[in-house]
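Student: Here it is, the structure, as structure tokens.
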Amino acid sequence: MELIEQIVARAKADRQRIVLPEGTEERTLKAANQILTDGVADLILIGNPAEINELAIKWGLGNITKATIIDPENHPKKEQYAELLYQLRQKKGMTLEEARKKVLDPLYLGCLIIKAGDADGQLAGARNTTGDVLRPALQIIKTQPGISCVSGAMLMRTIAPECGENGIIVMGDVAVTPVPDAEQLAQITVCTAQTAKAVAGIEPRVAMLSFSSKGSARHEVVDKVTAALARVKEMAPELCVDGELQADAALVPSVGQSKAPGSPVAGRANVLVVPCLEVGNIGYKLVERLGHATAVGPILQGIARPVNDLSRGCSIEDIYKMVAITANQAIAAKETSQQ
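For our numbering, count along the sequence shown from 1 and bump the result up by 8.
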């Protein structure tokens, strides 16, 4: 079974409630119809019910009626969510009247639905910027315990089965934090390992990458990686992680044995953590374009409950996949909170 098929199957087996705040956006509605048809998730669409139903008829989307549709202008919990937002933000100067205005914004409303326990995750970005998607998530849902840094991971399905986990590699951060310090890099490492387990379904073996392997070069950016590794071992002592490693030492057994003998990760890493966003963004795109890999994501991580951001150029298929991924993250978040 292919990676995406596995992700979809896990989502179907434990259906989560996913909010789609852009409920009148064409690609979102068409993807939602297929998700409901396939039973991948239970969906909450935010938007004017009459407009959503009219668009569903226009595009022949017969299963949109299976979704819960919430009108931000008029729904039973409108005042309850406004009160919740006021309680969360009053120390930042928000008044109740301002909170009542904010809950009319679908992106804020979606996060409040999650915070109130009425949904499990959210996906947006087909018509909104990353900043607009992230702002309410950080204000309302906030980051998970022990994490202050939001980051993004990419699932890479390569044509090199000898690398990673039968060709599957998870890479972070590729989306959010430009130049993480050692503490932030440690958090990115822990969160990317969590994503590998929750979404890719693999037991993470994490390589913290650099241009040096085990002291082969000296530089302050190498020192940052080694300091981050020490912090990771404090945060997640059970995690199989090592660094600093060059990319070939992380992925190729013979090179790993030569450059980092005795390492539990070298030559067999399935999770790669890069030292900065520049490396991550360039790196995954090179692998995707030159290596003909399939890249899925970015998957936002570090938020207490999953909120994912789409590219505004996304396809219907992209939205479908990301709903399934968000559902997998929601399943894992519930399991973690019960431990």
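Don't be surprised by glycine CBs; every beta carbon is placed ideally from N, CA and C. Computed from a prediction, not measured in an experiment: that's the story for all the values here.
(1) I believe Ala49 touches Ala335 by the beta-carbon criterion, under 8 Å. Please report the beta-carbon distance rounded to the nearest angstrom.
(2) Whole angstroms is fine: what's the gap from Val229's alpha carbon to Ala277's?
(3) For the beta strand (DSSP E) containing Asn316, list its first residue and its last residue.
(4) According to DSSP, which residues form a beta bridge with Leu28?
(5) Where does the unbroken beta strand (DSSP E) through Gly251 begin, and where does it stop?
(6) Which partner residues of Met179 appear in the DSSP bridge assignment?
(7) Nearest by alpha-carbon distance to Ile148: which of Gly160, Ser159, Gln130 and Ala134 is it?
(8) Give the secondary structure of Val207 by DSSP, where H, G and I count as helix, E and B as strand, and everything else as coil.
(9) How about Gly223: is its Cβ closer than 8 Å to a heavy atom in the ligand HEM?
(10) Would you call the region 225-242 and the region 300-318 in contact, with 3 or more CB pairs under 8 Å?
(11) Candidates Leu193, Glu242 and Pro80: which alpha carbon is nearest Gly58's?
(12) Would you say the region 167-180 touches the region 312-321, given that touching needs at least three Cβ pairs under 8 Å?
(13) Does Asn174 pass the burial test, meaning 16 or more other C-beta atoms within 10 Å, or should it be called exposed?
(14) Of all the options Ile324, Ser262, Ala301 and Gln202, which has the alpha carbon lying nearest to the alpha carbon of Glu343?
(15) Would you kindly report the start and end of the unbroken alpha helix (DSSP H) that includes Leu115?
Tutor: Per the coordinate set shown:
(1) Rounded to whole angstroms, the Cβ separation of Ala49 and Ala335 is 5 Å, and the two are in contact under 8 Å.
(2) Distance from the CA of Val229 to the CA of Ala277, rounded to the nearest whole angstrom, comes to 21 Å.
(3) Annotation: the continuous beta strand (DSSP E) that includes Asn316 extends over Val315 to Asp317.
(4) Looking at the DSSP assignment, Leu28 forms a beta bridge with Leu53.
(5) For Gly251, the enclosing beta strand (DSSP E) covers residues Cys248 to Leu253.
(6) According to DSSP, which records beta bridges pairwise, Met179 is partnered with Met162 and Leu280.
(7) For Ile148, the nearest C-alpha among the options comes from Gln130.
(8) Helix.
(9) The model on display carries no ligand, and the ligand HEM is accordingly not part of it.
(10) Output reads no: the region 300-318 does not touch the region 225-242.
(11) In the sequence on display, residue 58 carries Ala and not Gly. Relative to Ala58, the option among Leu193, Glu242 and Pro80 whose CA is nearest is Pro80.
(12) Contact between the region 167-180 and the region 312-321 is absent, because fewer than three Cβ pairs lie under 8 Å.
(13) So Asn174 counts as exposed.
(14) Measuring C-alpha to C-alpha distances from Glu343 to each of Ile324, Ser262, Ala301 and Gln202 identifies Gln202 as the nearest.
(15) Looking at the DSSP string, the run of the alpha helix (DSSP H) that includes Leu115 is Pro114 to Lys123.
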